[in-house]
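The structure under discussion appears below in the form of structure tokens.
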Amino acid sequence: MEERGVTVFGATGYTGRLVVEELVRRGVRPLIAGRNEQKLAALARTHGGLSTFVADVSHPGSLAALARKSRVIVNCAGPFVDLGEPVVDAALAAGSHYLDTTGEQPFIRAVQARDHQAREAGVAVVPAHAYEIALADCGAAVLARGYRDVASIDVIYATQFHASQGTKRSVLRMLGAEGFGYEEGKWIPLPPARYRREVELPEGWGTLVALSFPGAEILTIPRHIRTRAVRAYLALPRLAALAAGWLVPAARLVAKTPLVAVAEWALGKETSGPPPEVRARDRFLIFLEIRGVRGGQARKEAMIITGRDPYGITAAVAAAAAVRMQEPSFDRRGVLAPAQAFSPEEVLGDASGFDVAWKRLA
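Read in order, the letters of the sequence shown are residues 16 to 377 in the numbering used here.
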């Protein structure tokens with residue numbers, strides 16, 4: 016009987032290629048899959064002859080056959096809101112573990128609704144195991160230890176980031192989708208930039224204006240931390256934040272009209288992204304703030320996570336997670352946040368090759 020191993024679906028895309036490279040570096044020979052046979056063959060040759068499999072989300076039979084060959088599917092084919100659910104369904108039907116690199120809220124909500132199916136199938140489904148969500152989700156788990164009552168968790172991102180074409184397409188799709196926030200223990204509609212706060216960030220970032228957005232961590236953190244609220248923010252210089260306050264609502268209007276097709280055409284179908292030397296200079300800071308009760312006292316504490324190369328980190332944490340999931344000893348089941356599926360410290364450590372460090376602030 017053919018041994019089932021790690022499969023990377025969407026392997027010829029920008030993120031997919033990085034994940035494949037990282038798996039090979041770790042000594043894993045993944046099955047690489049996607050819809051373009053020629054691109055798969057070229058990628059396979061780059062790594063000394065990997066096995067390939069042609070599969071397309073528009074042909075469910077091909078996904079079913081792929082899933083039967085896979086112990087773990089790492090899905091890198093986005094936008095996930097358009098392409099992701101058939102891959103999840105194929106994994107569940109075949110009894111394969113599933114992991115992806117999405118940050119798209121509507122897709123994650125749809126996947127979380129399959130928790131019972133995943134438990135019945137005896138598999139783990141881990142959406143949003145990419146740099147920002149995996150690090151923030153696991154950082155929040157570390158920060159919240161010892162808290163009996165958590166009123167709120169804020170996640171603030173400051174980043175110098177060059178996006179791939181695939182990321183831009185996903186952002187465009189999300190602008191036209193309805194987002195959700197988590198306030199007072201309830202899910203509420205949340206358009207981008209509804210909330211804003213000024214924040215003083217360390218490590219040379221200075222004073223920035225943080226605008227809220229419907230991030231994926233709003234969905235993952237409440238799955239393992241009893242909190243009444245989670246907010247996600249993007250921190251920007253003051254003028255950029257002012258401009259975003261005007262431009263984001265306008266972009267959302269465009270994204271909900273036929274004009275979105277023009278924007279999609281302008282982005283094209285390419286899967287290019289920043290070269291390694293640019294990625295290496297893309298630094299970030301994640302600021303986590305918790306309010307609650309610990310040791311019988313009301314407290315407010317903060318933690319920062321710093322590093323560089325978000326795409327490199329995504330590949331590293333996704334590959335490390337896939338390696339863990341293929342082990343016979345891996346016993347997690349259901350639709351899980353990163354901090355539920357794996358040890359938070361392990362996930363943070365998976366990114367150590369990119370100068371990732373974390374510390375509580377006094």
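Ideal Cβ positions, reconstructed from N, Cα and C, are used throughout, including at glycine.
Computed from a predicted model, the values in this text were never measured in an experiment.
Any idea what DSSP makes of residue i, helix, strand or coil?
i	result
K372	Checking the sequence, you will find Ala at residue 372 rather than Lys. It is a strand residue.
D164	strand
H131	helix
T61	helix
E18	coil
G364	helix
G118	coil
T67	strand
Q341	coil
G49	strand
R246	strand
T30	helix
V224	strand
Is the separation between the beta-carbon of residue i and that of residue j shorter than 8 angstroms?
i	j	result
A128	L81	no
A225	A208	no
V214	L205	no
L376	A317	yes
I301	V170	yes
V72	H112	no
V332	V308	no
G349	D130	yes
H239	Q355	yes
T235	A330	no
G196	R124	no
Going by C-alpha distance, which of the options is nearest residue i?
i	options	result
V69	A79, G63, A133	A79
R211	A231, R124, Y248, I305	Y248
A145	A136, M340, A335	A335
G110	V140, L254, F122	V140
L107	V126, E37, P121	V126
P45	R298, L65, V96	L65
P75	E100, F228, A295, Q341	E100
P121	R253, P229, A356	P229
R163	R241, E147, Q175	R241
A26	R19, T61, G42	T61
R296	L303, P325, I320, R306	P325
E292	F369, M340, A136	F369
P289	L38, R19, E360, R32	R32
I305	L38, A372, Y197, A244	A244
A199	G219, A231, P237, L216	One detail in the question is off: residue 199 reads as Glu in this sequence, not Ala. Nearest C-alpha to E199: P237.
C91	G63, R50, K84	R50
P359	P343, F299, A155	A155
Express the C-alpha separation of residue j and residue i in angstroms, rounding to a whole number.
i	j	result
I233	R347	22 angstroms
T30	T22	14 angstroms
P353	E193	23 angstroms
L58	A105	24 angstroms
G310	V338	38 angstroms
C153	A173	18 angstroms
S167	A159	10 angstroms
I328	A366	6 angstroms
R19	R253	51 angstroms
A93	S77	For the record, residue 93 in the displayed sequence is Gly; it is not Ala. If you take the alpha carbons of G93 and S77, they lie about 18 angstroms apart.
G364	R134	28 angstroms
G63	S85	20 angstroms
W220	F345	39 angstroms
R294	Q175	10 angstroms
Determine which residues share a DSSP beta bridge with residue i and list them.
i	result
H112	V87
M318	L303, R375
P101	Partner(s): none; P101 has no beta bridge.
K201	E198
T174	F299
Given 7 angstroms as the limit, tell me if residue i has its C-beta closer than that to any heavy atom belonging to the ligand ATP.
i	result
V214	In the structure on display, the ligand ATP does not appear, and there are no ligands present to speak of.
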